[in-house]
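When you number the sequence shown by our numbering, it's gap-free, plus one each residue, and the end is 110.
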Amino acid sequence: MLLDRWQTYWSWLFYGTLLVAAGVAVADVESNDRRAAIVVLAASLAAWYWHAVVRDGRFTLGAG
């Protein structure tokens, strides 16, 4: 189905953008504590997105 394909594209776009943003943020800071915080926050956001959007489908394109 077309909506399923778009949902897959949006999920990959989310993860790619999150990876790039986290990579730039980690490369930009000098403190190891900030790097760890950035990585933990990015991993938490990725886990939430997978659980809420990819697995459960609560926020899909066809919802609402």
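Each residue gets a CB set at the ideal place from its N, CA and C atoms; glycine is no exception.
Cβ shell of residue i (< 7 Å), same chain only, five flanking positions each side left out
i     : result
Ala93 : none
Ala88 : Leu64 and Ala68
Inter-residue Cα distance where the pair is residue i and residue j
i      : j      : result
Asp50  : Val86  : 29 Å
Tyr55  : Val72  : 26 Å
Asp102 : Asp74  : 35 Å
Ser57  : Val100 : 7 Å
Leu91  : Arg80  : 16 Å
Val66  : Ala98  : 21 Å
Counting only runs that start and end within the region 71–96, where is the alpha helix (DSSP H) found for 4 or more residues in a row? 78–95
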